[in-house]
Structures are given as structure tokens and as C-alpha cells.
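**Student:** The opening residue of the sequence shown carries number 218 in the numbering used here; numbering runs sequentially from there.
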Amino acid sequence: MDELSFRLVDSIEQIGQQTWAAIVGTSMPFMRYEFLSALESSGAVSAKTGWKVQHLQVMHQQDVVALMPLYEKYHSYGEYVFDWAWAEAYERNGLEYYPKLVNAVPFTPVIASKLAIAKHFDDEQQQQLVTVLVNFITGKVSSGQYSGWHSLFITPQLLAQYQSSALIARLGTQFHWCNRDYHHFDDFLAAMTSRKRKNIRKERQCVAKHNLSFEMLEGEQITANDWQAFYHCYMHTYLKRSGHSGYLNQAFFQTLGRTMPENVRLLMVYQHSDKPVEDSSENTEPELIAAALFFVSDTHLYGRYWGALKEIDGLHFETCYYQGIDYAINQNLQVFDAGAQGEHKVLRGFEPVAMHSVHYIEHQAFSTAIEDFCGQERHNMAQYMSQLDELLPYREPVKESD
Numbered sequence: 218m219d220e221l222s223f224r225l226v227d228s229i230e231q232i233g234q235q236t237w238a239a240i241v242g243t244s245m246p247f248m249r250y251e252f253l254s255a256l257e258s259s260g261a262v263s264a265k266t267g268w269k270v271q272h273l274q275v276m277h278q279q280d281v282v283a284l285m286p287l288y289e290k291y292h293s294y295g296e297y298v299f300d301w302a303w304a305e306a307y308e309r310n311g312l313e314y315y316p317k318l319v320n321a322v323p324f325t326p327v328i329a330s331k332l333a334i335a336k337h338f339d340d341e342q343q344q345q346l347v348t349v350l351v352n353f354i355t356g357k358v359s360s361g362q363y364s365g366w367h368s369l370f371i372t373p374q375l376l377a378q379y380q381s382s383a384l385i386a387r388l389g390t391q392f393h394w395c396n397r398d399y400h401h402f403d404d405f406l407a408a409m410t411s412r413k414r415k416n417i418r419k420e421r422q423c424v425a426k427h428n429l430s431f432e433m434l435e436g437e438q439i440t441a442n443d444w445q446a447f448y449h450c451y452m453h454t455y456l457k458r459s460g461h462s463g464y465l466n467q468a469f470f471q472t473l474g475r476t477m478p479e480n481v482r483l484l485m486v487y488q489h490s491d492k493p494v495e496d497s498s499e500n501t502e503p504e505l506i507a508a509a510l511f512f513v514s515d516t517h518l519y520g521r522y523w524g525a526l527k528e529i530d531g532l533h534f535e536t537c538y539y540q541g542i543d544y545a546i547n548q549n550l551q552v553f554d555a556g557a558q559g560e561h562k563v564l565r566g567f568e569p570v571a572m573h574s575v576h577y578i579e580h581q582a583f584s585t586a587i588e589d590f591c592g593q594e595r596h597n598m599a600q601y602m603s604q605l606d607e608l609l610p611y612r613e614p615v616k617e618s619d
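#1: Return the bridge partner residues of tryptophan 268 from the DSSP annotation.
#2: Opposite tyrosine 522 in the DSSP bridges: which residues?
#3: Check aspartate 619 in the structure and name its three-state DSSP category.
#4: What whole-angstrom Cβ distance do alanine 508 and glycine 520 have, given they're in contact under 8 Å?
#5: Could you give the DSSP three-state label for alanine 555: helix, strand or coil?
#6: In angstroms with no decimal places, state the Cα-to-Cα distance between tyrosine 464 and glycine 295.
#7: Tell me the residue span of the beta strand (DSSP E) that contains serine 430.
#8: Mind checking which residues open and close the alpha helix (DSSP H) that includes leucine 350?
#9: Can you check which of these residues, Asp403, Phe583 and Met602, is closest to arginine 309 by C-alpha distance?
#10: Within a Cβ cutoff of 7 Å, which residues of the same chain sit near glycine 531, ignoring the five residues on either side of it in sequence?
#11: By the DSSP assignment, the alpha helix (DSSP H) with tyrosine 161 in it spans what residues?
#12: Return the chain-ordered list of same chain residues with a C-beta closer than 7 Å to the C-beta of threonine 472, the five sequence neighbours on each side being excluded.
#13: Looking at the strands, I want to know which residues DSSP matches up with alanine 386.
#14: Roughly how many whole angstroms lie between the Cα atoms of alanine 586 and isoleucine 385?
#15: For methionine 598 and glutamine 235, what's the separation of their Cα atoms in angstroms?
#16: Quick one, are the C-beta atoms of tyrosine 291 and glycine 311 less than 8 Å apart?
#17: Report back the beta-carbon spacing between leucine 608 and valine 563 to the nearest angstrom; my notes put them in contact at under 8 Å.
#18: Please report the Cβ distance between histidine 427 and isoleucine 529, rounded to the nearest whole angstrom; I am assuming they are in contact, meaning their Cβ atoms lie under 8 Å.
#19: Apart from the five residues on each side of it in sequence, which residues of its chain come closer than 7 Å, Cβ to Cβ, to threonine 516?
#20: So, for valine 226: in the same chain, excluding its five sequence neighbours on each side, which residues have a beta-carbon less than 7 Å away from its beta-carbon?
#21: Suppose you measure from the CA of serine 618 to the CA of serine 411; what does that come to, to the nearest Å?
#22: If I'm right that isoleucine 240 touches leucine 287 with Cβ under 8 Å, what's the distance once you round it to whole angstroms?
#23: Decide yes or no for the touch test of the segment 440-451 against the segment 470-488: beta carbon pairs closer than 8 Å, at least 3 of them.
#24: So, under 8 Å CB-CB, proline 569 and aspartate 543 are touching, yes? Tell me the CB distance rounded to an integer number of Å.
#25: So the beta strand (DSSP E) lysine 426 belongs to, where does it begin and stop?
#26: If you run the structure through DSSP and keep just helix, strand and coil, what is histidine 461?
#27: Applying the 10 Å Cβ sphere with the 16-neighbour rule, what's the burial state of tryptophan 237?
#28: If you compare alpha carbons, which of Cys450, Thr454, Leu332 and Ala321 is closest to glutamine 374?
#29: Could you name the residues that DSSP lists as bridge partners for methionine 245?
#30: By DSSP's criteria, aspartate 227 is part of a beta bridge. Which residues make up the other side?
#31: What number of angstroms, rounded off, separates the C-alpha of glutamate 435 from the C-alpha of methionine 477?
#32: Taking only the alpha-carbon atoms, compute the straight-line gap between proline 503 and cysteine 450 and give it to the nearest angstrom.
#33: Pull up the CB-CB distance for threonine 372 and alanine 329, whole angstroms please, since I reckon it's below 8 Å.
#34: Along the chain, where does the alpha helix (DSSP H) containing histidine 596 start, and where does it finish?
#35: Please classify phenylalanine 567: does DSSP put it in a helix, a strand, or coil?
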């Protein structure tokens with residue numbers, strides 16, 4: 218692998234859609250050229266927002282053989298693998314933690330291979346490439362430009378390839394729903410204990426009494442007005458929860474609807490008037506009160522963003538969890554990833570799954586301290602996940618998740 222060369226580019230356009238698709242493919246929605254390009258073209262990802270593009274292109278002679286989405290970061294927002302305490306420790310000691318290099322999909326805590334290698338490389342060649350690539354990146358860090366490098370939400374396969382290098386492994390957890398050959402939502406409920414099944418039915422009934430309807434729009438069905446309505450919901454909820462209008466803008470969402478509609482699903486939630494139709498003194502048109510954006514692959518449903526204009530008890534669970542489960546069953550999708558964190562998902566049938574990241578810290582003393590911390594964290598996280606397994610609401614132990 219001595220013939221490998223590396224090139225950092227400040228825009229995915231410099232790589233090109235055809236080249237990106239040839240190496241990365243299109244099966245993982247968030248690693249698609251269209252998704253990453255929409256982040257850049259909309260301005261959601263830029264040096265101004267603290268995400269300076271530094272995508273890594275690996276060349277063998279004149280051919281591109283590997284690609285990695287890479288960013289120079291000036292903060293830790295939008296990553297979902299939290300290292301704020303590390304940054305604060307640096308600051309207390311008069312050291313600069315930022316900028317750092319981050320290999321991730323911005324604002325998207327989804328497990329995927331964040332390094333794509335040409336399909337004609339066999340296992341041995343892939344391992345050799347990974348080793349040389351890590352040496353290149355850690356060399357960039359060692360030059361003094363960055364405090365470290367972080368590869369987030371990676372697959373177990375990529376984790377195994379990284380283990381031959383001097384990287385710190387970190388373990389976290391997410392909660393995914395698994396389709397165990399259910400034909401209807403009631404089949405899913407039937408797999409639960411009686412008490413947990415009743416709790417979910419009660420939760421859904423509380424929402425149903427508000428006279429709501431749910432419409433899942435697919436790709437080309439989504440109009441500009443739909444996107445505008447969704448963005449209004451998204452922005453309203455972000456403002457209420459976080460005090461800002463969200464990391465993403467309307468241009469980003471509309472671009473996705475135009476460039477990768479086959480992967481996009483938009484759930485619109487309407488509330489209907491309980492007045493008689495003949496009573497024309499008031500508007501009886503259904504009122505949009507919430508919306509949620511999902512993505513699909515051949516096997517997965519991903520719940521990503523949502524917003525609500527009205528406070529209704531249980532509406533979030535119904536919109537973001539139960540409607541997604543129902544859709545996954547109807548479409549024969551195998552896994553529903555409803556987003557980061559959320560221990561409350563366990564009682565609703567979502568199983569804890571391992572979430573891996575790796576980290577390289579240049580400062581030797583901090584690297585040792587962080588490695589010790591991550592080792593203890595891995596032990597505690599494994600215990601935590603085991604305890605959560607015991608809280609799953611199913612009558613029989615579930616099979617090990619993928």
C-alpha cells in the first residue's frame with residue numbers, strides 16, 4: 218500500500234457525485250452524496266457553523282479507492298458522542314481542544330461505516346489501507362493543527378479494522394426496534410407482557426381521543442408547502458426546547474426532497490374539528506399540529522426530526538415511535554432507529570444496541586486519562602445495557618440484535 222496518496226478537499230463537489238456513489242454506494246441514506254451535499258449547499262455545514270469540510274480522498278495511482286466524510290470542528294455540537302468534559306479539562310489546563318478532526322455525518326447519530334473502501338479490495342487490502350489511513354490522519358494531528366481525531370457511530374466491522382491502531386475505543390448505546398416477522402402492530406403487542414401491552418394501548422388511546430389523523434407522505438408526494446409546514450413544526454419545537462431554531466434550515470430539507478425522494482418519508486399529523494360538517498360558522502378544515510421526518514433504506518427506517526405546534530400528552534410517542542413501528546411492519550423493514558438516546562424507548566419495545574466510536578488524542582497525558590475513562594465507561598455501559606435488557610417488555614427473551 219505504499220502507492221496510496223491522500224487528498225483533503227473542502228467541498229464534496231470536488232469529489233463529484235459519480236465518484237462518491239461508485240465508492241460509497243447509495244444504500245445508506247446518510248452517507249449518500251445527496252445528503253452530505255445538501256448539508257453543504259444549504260449552509261448548515263460550513264466553516265461559519267463550525268463544520269469546516271475536510272473530506273478525505275484516498276488514491277491508488279490515479280484511482281479513488283476510499284472516501285471518508287471529515288470535518289474540522291470548532292465545537293462539539295451536533296455530534297452526539299459527548300466530549301464536552303474533555304474540552305473543559307483542556308481549557309482548565311490552558312490547552313486548546315479545538316479545532317479537532319471529526320469523521321461523522323453532521324447532526325446524524327446513525328451507525329454506519331464512516332469509511333468507504335473500493336469493493337475490489339479484499340479483507341487484507343482493506344486492513345492495510347485502514348492502517349495507512351490512520352497513520353496519515355494521526356500524522357496530521359501530530360503536526361500540531363488539531364488536538365485529536367474522532368470517528369463516530371461506526372460499524373463493528375470498522376471498529377475491528379481500527380483495533381490494530383493506537384486508537385481509544387468508546388462504547389455507548391442506542392435503542393432500536395427490531396421487526397421479528399410481525400404482520401401487524403397487534404403482533405408486536407402480542408409479544409409483550411400483558412401489563413406492558415396494556416400500557417401502550419392506553420397511551421395510544423389517550424392520543425386517539427384528540428381526533429387526529431396521520432398521513433405518511435413518500436418522496437415525490439411531498440410538496441413545497443409540506444416542507445414549509447414541516448419546517449415550521451421543527452423550528453417551533455427546537456425554539457421551545459433549546460432556544461434556537463435548529464441546526465438545519467428549510468433549504469436543506471427541500472433539497473433532500475428533490476435529490477433523494479426515494480429515501481424520504483414525511484409524516485403529517487392533523488387534528489380534525491369535532492363540529493358537525495353542516496356547521497359552517499367556523500373553519501372545519503383539519504389543522505396540521507405536528508410533523509416528523511423519516512428516512513428509509515432497503516432494511517431500515519430512521520426517525521430523525523420532528524416538531525409539534527400543540528401540546529398533546531403522548532403525541533411524541535405516537536408520532537415518532539408507534540407510527541414508525543406500524544410503517545416498518547407494513548413495509549417489512551427489519552430495524553427502526555428512532556434517534557439517539559431515550560431510555561424510555563425500552564419499555565416501548567426498543568432494544569439497547571452498542572454504539573461505537575474511536576478517538577485519537579495527541580496530548581499523551583490526556584490520552585492516557587481519556588483511555589482510562591473510556592475503559593471504565595465501557596465496563597459501566599456494558600452493565601447498563603445488560604440491565605436494560607432485563608427491562609424489555611417482551612414475554613420471551615429477544616434474540617441478540619444486529
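A virtual CB, placed ideally from N, CA and C, is assigned to each residue, including glycine.
**Tutor:** With the given structure in hand:
#1: By 1-based counting over the sequence shown, the position of residue 268 is 51. Answer is Lys290, bridged to tryptophan 268.
#2: Translated into positions along the sequence shown, residue 522 becomes position 305. Answer by DSSP bridge pairing, in chain order: Leu510.
#3: For this step, residue 619 is matched to residue 402 along the sequence shown. For aspartate 619, the pLDDT reaches just 40, beneath the cut-off of 50, and the residue's location in the model is therefore unreliable, leaving the point undetermined.
#4: Along the sequence shown, read from residue 1 onward, the residue named residue 508 stands at position 291. Along the sequence shown, read from residue 1 onward, the residue named residue 520 stands at position 303. Contact doesn't hold; Cβ gap of about 12 Å is too wide.
#5: Indexing the sequence shown from 1 puts residue 555 at position 338. Looking at alanine 555 - three-state DSSP - the assignment turns out to be coil, as it is neither helix nor strand.
#6: Along the sequence shown, one-based indexing puts residue 464 at 247. Along the sequence shown, one-based indexing puts residue 295 at 78. Distance between the alpha carbons of tyrosine 464 and glycine 295 is about 8 Å.
#7: Residue numbering aside, residue 430 sits at position 213 when the sequence shown is read from its first letter. Segment 429-435, the beta strand (DSSP E) holding serine 430.
#8: By 1-based counting over the sequence shown, the position of residue 350 is 133. It spans 340-357 - the alpha helix (DSSP H) in which leucine 350 sits, taken as one unbroken run.
#9: The sequence position of residue 309 within the sequence shown is 92, counting from 1. Nearest C-alpha to arginine 309: Phe583.
#10: In the sequence shown, the residue the question calls residue 531 occupies position 314. Correct list, in chain order: Glu420, Cys423 and Val424.
#11: In this structure the chain extends from 218 to 619, so residue 161 is not present and cannot be described.
#12: The sequence position of residue 472 within the sequence shown is 255, counting from 1. Ala255, Ser258 and Ser259.
#13: Within the sequence shown, numbered from 1, the residue matching residue 386 stands at position 169. Val575, per the DSSP bridge assignment.
#14: The sequence position of residue 586 within the sequence shown is 369, counting from 1. The sequence position of residue 385 within the sequence shown is 168, counting from 1. Roughly 11 Å between the two C-alpha positions.
#15: Taking the sequence shown and counting its residues from 1, one reaches residue 598 at position 381. Taking the sequence shown and counting its residues from 1, one reaches residue 235 at position 18. In a straight line, the C-alpha of methionine 598 is about 40 Å away from that of glutamine 235.
#16: The residue you call residue 291 lines up with position 74 of the sequence shown. The residue you call residue 311 lines up with position 94 of the sequence shown. No; because the gap between Cβ atoms is not below 8 Å, this pair is not in contact.
#17: To locate residue 608, count along the sequence shown from 1; it is residue 391. To locate residue 563, count along the sequence shown from 1; it is residue 346. Yes, they are in contact, since the Cβ atoms of leucine 608 and valine 563 sit about 5 Å apart, within 8 Å.
#18: What you label residue 427 is simply residue 210 of the sequence shown in a count that begins at 1. What you label residue 529 is simply residue 312 of the sequence shown in a count that begins at 1. Indeed, because the Cβ distance is near 5 Å, the residues count as touching under 8 Å.
#19: Numbered from 1 along the sequence shown, position 299 holds the residue referred to as residue 516. Leu550, Gln551 and Val552.
#20: For the purposes of this step, residue 226 is taken as the residue at position 9 of the sequence shown. Same-chain partners within the cutoff: Ile232, His272 and Gln274.
#21: The residue labelled residue 618 in the question sits at position 401 within the sequence shown. The residue labelled residue 411 in the question sits at position 194 within the sequence shown. Only weak support is given to the placement of serine 618: the predicted model assigns it a pLDDT of 45, under 50, and the question is left unresolved by the model.
#22: Position 23 of the sequence shown, counted from the first residue, corresponds to residue 240. Position 70 of the sequence shown, counted from the first residue, corresponds to residue 287. Not confirmed; about 14 Å, so no contact.
#23: yes
#24: Counting from 1 along the sequence shown, the entry for residue 569 is found at position 352. Counting from 1 along the sequence shown, the entry for residue 543 is found at position 326. Going by Cβ atoms, the distance from proline 569 to aspartate 543 rounds to 22 Å, so no, they are not a contact pair.
#25: Taking the sequence shown and counting its residues from 1, one reaches residue 426 at position 209. Looking at the DSSP string, lysine 426 is not in any beta strand (DSSP E), and its letter there is neither H nor E.
#26: Position 244 of the sequence shown, counting from 1, holds the residue named residue 461. DSSP places histidine 461 in coil when its eight states are reduced to three.
#27: Locating residue 237 in the sequence shown gives position 20, where the first residue counts as 1. Under this definition tryptophan 237 is a buried residue.
#28: On the sequence shown, residue 374 is found 157 positions in, with the first residue counted as 1. The candidate whose alpha carbon is nearest that of glutamine 374 is Leu332.
#29: As a first step, residue 245 is located in the sequence shown; it is residue number 28 there, counting from the start. In the DSSP output, where bridge partners are listed per residue, methionine 245 has none listed.
#30: Translated into positions along the sequence shown, residue 227 becomes position 10. Paired residues: none, contrary to the question.
#31: Start at 1 with the first residue of the sequence shown, and residue 435 comes out as number 218. Start at 1 with the first residue of the sequence shown, and residue 477 comes out as number 260. If you take the alpha carbons of glutamate 435 and methionine 477, they lie about 11 Å apart.
#32: The residue given as residue 503 occupies position 286 in the sequence shown. The residue given as residue 450 occupies position 233 in the sequence shown. So the alpha carbons of these two residues sit roughly 16 Å apart.
#33: Along the sequence shown, one-based indexing puts residue 372 at 155. Along the sequence shown, one-based indexing puts residue 329 at 112. About 7 Å separates the two Cβ atoms, so the contact holds.
#34: The residue labelled residue 596 in the question sits at position 379 within the sequence shown. Counting along the chain, the alpha helix (DSSP H) containing histidine 596 begins and ends at 581-606.
#35: Here residue 567 refers to the residue found at position 350 when the sequence shown is read from its first residue. In this structure, phenylalanine 567 counts as coil in the three-state DSSP scheme.
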